[in-house]
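Novice: Protein chains in written order, with numbering that gives the first Met the number 0: chain A, 0 to 392; chain B, 0 to 293; chain C, 0 to 324.
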Amino acid sequence: MEPVLQLVPYTGWVYPNETVFEWSILIAVYPYITGLVAGAFTVSSLYQVFGFERLRPVAHLALLTSLSFMIFVPTPLLLHLGHPERAFNATITPHLTSAMAMFGFFASFYVALLIVEGWFANRPHIIEQAQKRTDLLGKFYRVLTLGSYDLSEYAMRFDRKWIFALAVIGIPGAHGLHGYVGFMYGSVKAREWWSSDLMAVIFLFSAIISGVSLLAALYVATCKMRKVPIDLACLKGLAYTIWAFIMVALVLEGLEFASLVYKGREGVDMIMQYVTGPLLIPYFILQFAIGAILPFLWLSYMIWRGTSGKALVIGVTVCACLVLFSVFMMRWNVVIGGQEISKTGKGLMSYQLHFWGKEGALMAIIVTMAPLGLLYILTRLFPPWHDKATDAH
Amino acid sequence: MNDEKTKPSLDARRTFLSKLGLAATCTGAVVGLGAAGALKTAIAKSESSSSGGQAKPGAAADRKSFPTPDYDWNKHEWAFGVDATKCIGCLRCVEACKRENDVPANAHQFRTWVERYVYLADDKHVHIDSQHDPVNIEASGSEKTFRFANRYKDKKVDKAFFVPKLCNHCTHPSCVQVCPTGATYRTEDGVVLVDETYCIGCRYCVQACPYGARFFNEETGVADKCTWCYHRITKGLQPACVEVCPVGARIFGNTKDKQSPVSLFIRNSRVQVLKPESGNAPNVFYVGIDKEVN
Amino acid sequence: MPKHIFRLIALIIGFVIVAVIAVPILTVDSFYRFGHYRANSVTEIASEAPVYQTSRYCLACHTPRVALWSANSHKTVACEVCHGAAEGHPAKGKLPIPKDTPKLCTLCHEAMPARPRTQPQIDPTKHNPSGQQCTACHNPHSPKIVISAAQVKGDVAAGKKRAEEACASCHGAQGISDNDIWPSLAGQKAAYLARILAAYKSGDQKDVVMTPLAQALSDADIQNLAAYYAGLNCGGARSTKLAGNAAAGKELAKNCAGCHGETGISANPAWPDIAGQKPGYLSNVLKSFRAGLRKDPMMAGVSRGLSDADIENLAAYYAGQSCKP
Numbered sequence: 000m001e002p003v004l005q006l007v008p009y010t011g012w013v014y015p016n017e018t019v020f021e022w023s024i025l026i027a028v029y030p031y032i033t034g035l036v037a038g039a040f041t042v043s044s045l046y047q048v049f050g051f052e053r054l055r056p057v058a059h060l061a062l063l064t065s066l067s068f069m070i071f072v073p074t075p076l077l078l079h080l081g082h083p084e085r086a087f088n089a090t091i092t093p094h095l096t097s098a099m100a101m102f103g104f105f106a107s108f109y110v111a112l113l114i115v116e117g118w119f120a121n122r123p124h125i126i127e128q129a130q131k132r133t134d135l136l137g138k139f140y141r142v143l144t145l146g147s148y149d150l151s152e153y154a155m156r157f158d159r160k161w162i163f164a165l166a167v168i169g170i171p172g173a174h175g176l177h178g179y180v181g182f183m184y185g186s187v188k189a190r191e192w193w194s195s196d197l198m199a200v201i202f203l204f205s206a207i208i209s210g211v212s213l214l215a216a217l218y219v220a221t222c223k224m225r226k227v228p229i230d231l232a233c234l235k236g237l238a239y240t241i242w243a244f245i246m247v248a249l250v251l252e253g254l255e256f257a258s259l260v261y262k263g264r265e266g267v268d269m270i271m272q273y274v275t276g277p278l279l280i281p282y283f284i285l286q287f288a289i290g291a292i293l294p295f296l297w298l299s300y301m302i303w304r305g306t307s308g309k310a311l312v313i314g315v316t317v318c319a320c321l322v323l324f325s326v327f328m329m330r331w332n333v334v335i336g337g338q339e340i341s342k343t344g345k346g347l348m349s350y351q352l353h354f355w356g357k358e359g360a361l362m363a364i365i366v367t368m369a370p371l372g373l374l375y376i377l378t379r380l381f382p383p384w385h386d387k388a389t390d391a392h
Numbered sequence: 000m001n002d003e004k005t006k007p008s009l010d011a012r013r014t015f016l017s018k019l020g021l022a023a024t025c026t027g028a029v030v031g032l033g034a035a036g037a038l039k040t041a042i043a044k045s046e047s048s049s050s051g052g053q054a055k056p057g058a059a060a061d062r063k064s065f066p067t068p069d070y071d072w073n074k075h076e077w078a079f080g081v082d083a084t085k086c087i088g089c090l091r092c093v094e095a096c097k098r099e100n101d102v103p104a105n106a107h108q109f110r111t112w113v114e115r116y117v118y119l120a121d122d123k124h125v126h127i128d129s130q131h132d133p134v135n136i137e138a139s140g141s142e143k144t145f146r147f148a149n150r151y152k153d154k155k156v157d158k159a160f161f162v163p164k165l166c167n168h169c170t171h172p173s174c175v176q177v178c179p180t181g182a183t184y185r186t187e188d189g190v191v192l193v194d195e196t197y198c199i200g201c202r203y204c205v206q207a208c209p210y211g212a213r214f215f216n217e218e219t220g221v222a223d224k225c226t227w228c229y230h231r232i233t234k235g236l237q238p239a240c241v242e243v244c245p246v247g248a249r250i251f252g253n254t255k256d257k258q259s260p261v262s263l264f265i266r267n268s269r270v271q272v273l274k275p276e277s278g279n280a281p282n283v284f285y286v287g288i289d290k291e292v293n
Numbered sequence: 000m001p002k003h004i005f006r007l008i009a010l011i012i013g014f015v016i017v018a019v020i021a022v023p024i025l026t027v028d029s030f031y032r033f034g035h036y037r038a039n040s041v042t043e044i045a046s047e048a049p050v051y052q053t054s055r056y057c058l059a060c061h062t063p064r065v066a067l068w069s070a071n072s073h074k075t076v077a078c079e080v081c082h083g084a085a086e087g088h089p090a091k092g093k094l095p096i097p098k099d100t101p102k103l104c105t106l107c108h109e110a111m112p113a114r115p116r117t118q119p120q121i122d123p124t125k126h127n128p129s130g131q132q133c134t135a136c137h138n139p140h141s142p143k144i145v146i147s148a149a150q151v152k153g154d155v156a157a158g159k160k161r162a163e164e165a166c167a168s169c170h171g172a173q174g175i176s177d178n179d180i181w182p183s184l185a186g187q188k189a190a191y192l193a194r195i196l197a198a199y200k201s202g203d204q205k206d207v208v209m210t211p212l213a214q215a216l217s218d219a220d221i222q223n224l225a226a227y228y229a230g231l232n233c234g235g236a237r238s239t240k241l242a243g244n245a246a247a248g249k250e251l252a253k254n255c256a257g258c259h260g261e262t263g264i265s266a267n268p269a270w271p272d273i274a275g276q277k278p279g280y281l282s283n284v285l286k287s288f289r290a291g292l293r294k295d296p297m298m299a300g301v302s303r304g305l306s307d308a309d310i311e312n313l314a315a316y317y318a319g320q321s322c323k324p
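(1) Check the Cβ of C/Leu106 against every Cβ in chain B and list those closer than 8 Å, keeping chain order.
(2) Looking only at its chain, what residues have a beta carbon closer than 6 Å to the beta carbon of B/Ala37, apart from the 5 residues adjacent to it on each side?
(3) Would you report the Cα separation of B/Lys152 and C/Pro112, rounded to the nearest angstrom?
(4) A/Arg158 lies in the alpha helix (DSSP H); which residues open and close that run?
(5) Could you check what DSSP says for C/Ser217 in three-state terms: helix, strand or coil?
(6) With DSSP run on the structure shown, which of helix, strand or coil describes B/Asn253?
(7) Tell me whether C/Asn312 sits in a helix, a strand or coil according to DSSP, three-state version.
(8) Between C/Ala38 and B/Asn253, what straight-line distance do the alpha-carbon atoms span, to the nearest angstrom?
(9) Buried or exposed, going by whether 16 or more other CB atoms sit within 10 Å of the CB of B/Glu114?
(10) Assuming A/Ala37 and A/Ala206 are in contact, meaning their beta carbons sit under 8 Å apart, how far apart are those beta carbons, in whole angstroms?
(11) Give the residues of chain C in contact with B/Val286, contact being defined as C-beta atoms less than 7 Å apart.
(12) Quick one: does A/Ala98 have its CB under 9 Å from some CB of chain B?
(13) Between the stretch 10-24 of chain A and chain B, which residues of the former have a C-beta closer than 7 Å to a C-beta of the latter?
(14) Between A/His82 and chain C, is the shortest Cβ-Cβ distance under 9 Å, so that the two count as touching?
(15) Report the residues of the stretch 18-49 of chain C with a CB closer than 7 Å to any CB of chain A, ordered along the chain.
(16) For A/Thr316 and A/Ala215, what's the separation of their Cα atoms in angstroms?
(17) Just the C-alpha distance for A/Phe20 and A/Val333, rounded to the nearest angstrom, thanks.
(18) Could you tell me whether any Cβ in chain C is nearer than 9 Å to the Cβ of B/Cys225?
(19) Pull up the DSSP beta-bridge partners for B/Tyr118, would you.
(20) Looking only at its own chain, which residues have a Cβ that is under 8 Å from the Cβ of C/His325, when we skip the five neighbours before and after it?
(21) Would DSSP call B/Tyr285 helix, strand or coil?
(22) What are the residues that DSSP puts in a beta bridge with A/Gln351?
(23) For a contact defined as C-beta to C-beta under 8 Å, what are the partners of A/Val322 on chain B?
(24) Of all the residues that make up the stretch 124-154 of chain A, which are near chain B by a beta-carbon distance shorter than 7 Å?
(25) Could you check whether C/Gln187 and C/Pro278 sit closer than 9 Å to each other, using their CB atoms as the reference points?
(26) Look up C/Asp177 in the DSSP assignment and say whether it is helix, strand or coil.
(27) Using a C-beta to C-beta distance shorter than 9 Å, which residues of chain C count as neighbours of A/Val115?
(28) Where does A/Gln47 fall in DSSP's three states?
(29) Quick one: what does DSSP say B/Gly80 is sitting in, helix, strand or coil?
(30) Out of C/His88, C/Ala229, C/Ala198, which one is the CA nearest neighbour of C/Ser217?
(31) Please give me, in chain order, every unbroken run of the alpha helix (DSSP H) with length at least 4 that falls completely inside the stretch 250-294 of chain C.
(32) In this structure, how does DSSP classify C/Leu305 when only helix, strand and coil are distinguished?
(33) CA-CA distance, B/Lys85 and C/Cys107?
(34) Are the beta-carbon atoms of A/Phe108 and A/Ile162 separated by less than 9 Å?
(35) Find the nearest neighbour of C/Val41 within the set B/Gly235, B/Cys228, B/Cys89, judged by alpha-carbon distance.
If you want it as structure tokens, here you go:
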């Protein structure tokens, strides 16, 4: 069968080889998911390491969310590879100068860390289930106990120390992982839109706001599903976190854009033509206005007025969803946008998003939603709930 | 208040120590794989310096006649010259390259291509086109043959010229830098190659090349690029594009030979390279290109 | 240390050991030999077979063709540029002789703004308006059309004297033939006349009548005759006995215009004017070119595809044109 090229329409002058689009929506989904991992882990660490007691109801959920998204991080990459069966070549003979080769190590280290930390956090539950159950699931739990049912105060003290230590390591780990994803783009000097020293930092902060927002939304959703009251203090804590990090993210992205325009290096004409043309709506309207400034103002208003009750729940949930959308748009505008500006500096391409196919919109949606399915299974196996009902137990 | 903050100091220290231990363990897991790779390098190096090991006449001799028995890559340092003032835009080079190297038969993926720059009298913007332009595809009649449409014949043209393009086989290639596996590399004789059996098809190199010289080959599932016809030059032949160029606009040779055509070309003309600011140190040297060419 | 911590650490160490052992085993042979790549891949790439065989490869069998080609201006155009890659030839069959030469040749020779001025270029709509094969006139292996239009330095008076003795009986007293099958010579290009007479004399061109007559001429006679006839007024009687269709001939004549001019007045002194020429003579000459009796590589090419009717039409068209520019 003749392979079908994903040709893109273009204007101006682009290199012939650029008319085939290389990195599709899946590569925009990939940093999005990694960002959610890093952000969710931040919430868990805020409780575990920095003692943000009000985040206790979501701390365990954050860990599980982080893990289930992390497990799916490689999927968009694998789906995109020309030879996925050779993927391990990157870990067998990692090319140390390549940003991408190191990703495999960062990612596997981080998955291991999340599993171990989650294991410690859930050990009492695992042991309880292992002793109670006799079915197949009981076997699964018994394997997970590693043959030790020790829940003595002495053993538990070890567990708490390990959790603390892993959370401490996990913070640089998660942010290293994600900042590093930003570096993967920022280090490509061939693309003016990517090649920026700030790229890694911007990725980090947008990661944090996306992860915290995801948790806020998940927390509200799970409370509704489980029909338990929402802990408003916790939700407020999440809202403060989102507010603070949106502010930093906005400032950074503003500075990044300003310095790009101010320096006005070769090719800036094309970038200006691009951001004021095809990128006007996705960048300024969707990513900034609706996705970042609107929730920022809304959250500011709620914090200022001390909004509480149902209005706070609705407000934070809507803001969280907007931020989630905004961060996705940010990934899109970087990954797809960067490729839409020709390396010639004299032309623009326009990516055609298909719905079906290995790299289509449907696949992107499946890959983004799959971690939620895994999260559902994990919450059944290792209930992360810390509300009054379970705490009393 | 949480317990951590009220712990006695002895306990805190033990917490820290165990934390450190864990950090070491976890880091070990990651570094382990990398270290194993490094170990393998060391082993390989010691193997190649000793004469035994593999069923070959010995690594030293092996290296001398590498990569083929009749060719020694230590005696060559290849370079390419392009005299754009001679190019007539016949695109025989493009067709020969496609045929010689089994490049996908379409008008969008090229190992080498030719650009046309036209400055019109009544327009300050330069008009640039190449083989992927629909007007040129129509003029050639198919995506498998190539021809420049005579689209400016009735216009008032101030200045116009053709520029052949190909991989620059940079001394510091950014494609090689970003390749996660080592499936693309620069040989001792200065040619950047792709190992088609090892490439995972991530296309990071396609993104990283400032010159748009790489593309993703859908048929093989790997990155594809100009090899300077490595299978020809190691047999004493010229690259296919040089072989068929009717006007001598493409010059190729060994810079270790001071009398080779390319050495003379570089020595006797004021040559320049594309996008020198990339820091890649390209090895395709141009004469007769203009400010808009990059 | 509690049991579960110990077991966890053991598990992690186990994983690391497995990884450290697995990586060298999984690393393919020849990787790292010269650097961070598979050294064998270099050999694999270098061992691929070339597709283009170079013009040297053609020399062994096509020696005369290669000799002609390498002595002429297309010597910089490798054989495989027009005939395609020689991989598998001759075992797998013949290489193509290009069919669509106007398309092929204009790849390089169509006048185009970006082409360097030194490149010979033509406007196909003017140079070859009917789109006939370029090979009709040009030998691709020796593409330049070189016909020596040597300067004719003859004495008109001496020429007149010699003409009256040897030529007038057939070609007319004033160079206007009164027979339909004998050409008029008045006003003809001197260089052409000298060339064709010399050809009859040397035997390059043969004719039962002309050959012995020309052999009797000295080189000076030829010069004188050419100068004399070229100076005569061609404006004599125009033939009215037209067998062919002049309008159809006009269409066909576009193929001839490149050399003989639109109406049959040639631009080059080496090529004859044919406007107002005797139609019977024109059709005879074309037919003998077609049959190979008259030797001229270019005319042989262009006349090859003409039917008898085409020839009559062409003759009718040119015969009807004014011989004065």
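Where is the CB? At the ideal position from N, CA and C, for every residue including glycine.
Specialist: To lay it out plainly:
(1) As a first step, residue 106 of chain C must be located in the third sequence, where it is residue number 107. Simply Cys89, Leu90, Arg91, Arg146.
(2) The residue given as residue 37 of chain B occupies position 38 in the second sequence. Any answer about B/Ala37 is weak, because its pLDDT of 47 lies below 50 and its placement is not dependable; what the coordinates show is given next. Cβ neighbours of B/Ala37 beyond the five flanking positions: none.
(3) Locating residue 152 of chain B in the second sequence gives position 153, where the first residue counts as 1. Locating residue 112 of chain C in the third sequence gives position 113, where the first residue counts as 1. Rounded to whole angstroms, B/Lys152 to C/Pro112 spans 6 Å at the Cα level.
(4) Stepping through the first sequence from its first residue, residue 158 of chain A is reached at position 159. Here residue 158 of chain A is Asp; the residue named in the question, Arg, does not match the sequence. Looking at the DSSP string, the run of the alpha helix (DSSP H) that includes A/Asp158 is 152-185.
(5) Walking along the third sequence from the start, residue 217 of chain C turns up at place 218. Note: C/Ser217 maps to coil in three-state DSSP.
(6) Here residue 253 of chain B is taken as the residue at index 254 of the second sequence, counted from 1. Correct three-state label for B/Asn253: strand.
(7) Residue mapping note: residue 312 of chain C aligns to position 313 of the third sequence, counting from 1. Reduced to three states, the DSSP call for C/Asn312 is helix.
(8) By one-based count along the third sequence, residue 38 of chain C stands at place 39. By one-based count along the second sequence, residue 253 of chain B stands at place 254. Their backbone Cα atoms lie some 22 Å apart in a straight line.
(9) Residue 114 of chain B sits at position 115 when you count from the first residue of the second sequence. It counts as buried.
(10) Taking the first sequence and counting its residues from 1, the one referred to as residue 37 of chain A is at position 38. Taking the first sequence and counting its residues from 1, the one referred to as residue 206 of chain A is at position 207. At roughly 4 Å, the Cβ-Cβ gap stays under 8 Å, so A/Ala37 and A/Ala206 are in contact.
(11) If you number the second sequence from 1, residue 286 of chain B lands on position 287. In chain order: nothing, as chain C lies at least about 13 Å away.
(12) As a working note, residue 98 of chain A is residue 99 in the first sequence. By this cut-off, A/Ala98 is an interface position.
(13) Trp12, Tyr14, Pro15, Asn16, Glu17, Thr18, Val19, Glu21, Trp22
(14) In the first sequence, counting from the first residue as 1, residue 82 of chain A sits at position 83. No, no contact with chain C.
(15) Val22, Leu25, Thr26, Phe30, His35
(16) Residue numbering aside, residue 316 of chain A sits at position 317 when the first sequence is read from its first letter. Residue numbering aside, residue 215 of chain A sits at position 216 when the first sequence is read from its first letter. Taking the straight line joining both Cα atoms gives about 7 Å.
(17) Numbered from its first residue, the first sequence carries residue 20 of chain A at position 21. Numbered from its first residue, the first sequence carries residue 333 of chain A at position 334. Whole-angstrom Cα-Cα distance: 14 Å.
(18) Numbered from its first residue, the second sequence carries residue 225 of chain B at position 226. So, not an interface residue.
(19) Along the second sequence, read from residue 1 onward, the residue named residue 118 of chain B stands at position 119. Paired residue(s): B/Val125, B/Lys158.
(20) Residue 325 of chain C lies beyond the range of chain C shown here (0 to 324); nothing can be said about it.
(21) Looking up residue 285 of chain B in the second sequence gives position 286. Reduced to three states, the DSSP call for B/Tyr285 is strand.
(22) The residue given as residue 351 of chain A occupies position 352 in the first sequence. The partner list for A/Gln351 (beta bridge, DSSP) is empty, contrary to what the question assumes.
(23) Taking the first residue of the first sequence as 1, we reach residue 322 of chain A at position 323. In chain order: nothing, as chain B lies at least about 28 Å away.
(24) none
(25) Indexing the third sequence from 1 puts residue 278 of chain C at position 279. Indexing the third sequence from 1 puts residue 187 of chain C at position 188. Contact flag unset, no.
(26) Taking the third sequence and counting its residues from 1, the one referred to as residue 177 of chain C is at position 178. If DSSP states are grouped into helix, strand and coil, C/Asp177 belongs with coil.
(27) By 1-based counting over the first sequence, the position of residue 115 of chain A is 116. Neighbours of A/Val115 on chain C, chain order: Leu7, Ile11.
(28) One-based indexing of the first sequence puts residue 47 of chain A at position 48. Of the three classes helix, strand and coil, the one that applies to A/Gln47 here is helix, per DSSP.
(29) As a working mapping, residue 80 of chain B is identified with position 81 in the second sequence. Looking at B/Gly80 - three-state DSSP - the assignment turns out to be strand.
(30) Numbered from its first residue, the third sequence carries residue 217 of chain C at position 218. Taking only the C-alpha atoms, the option nearest C/Ser217 is C/Ala198.
(31) 256-259, 278-290
(32) The count along the third sequence starts at 1 and reaches residue 305 of chain C at position 306. C/Leu305: coil per DSSP, three-state reduction.
(33) Looking up residue 85 of chain B in the second sequence gives position 86. Looking up residue 107 of chain C in the third sequence gives position 108. Spanning the two alpha carbons is a distance of roughly 12 Å.
(34) The residue you call residue 108 of chain A lines up with position 109 of the first sequence. The residue you call residue 162 of chain A lines up with position 163 of the first sequence. Contact flag unset, no.
(35) On the third sequence, position 42 is the one that residue 41 of chain C refers to. When each option's Cα is compared against that of C/Val41, the closest is B/Cys228.
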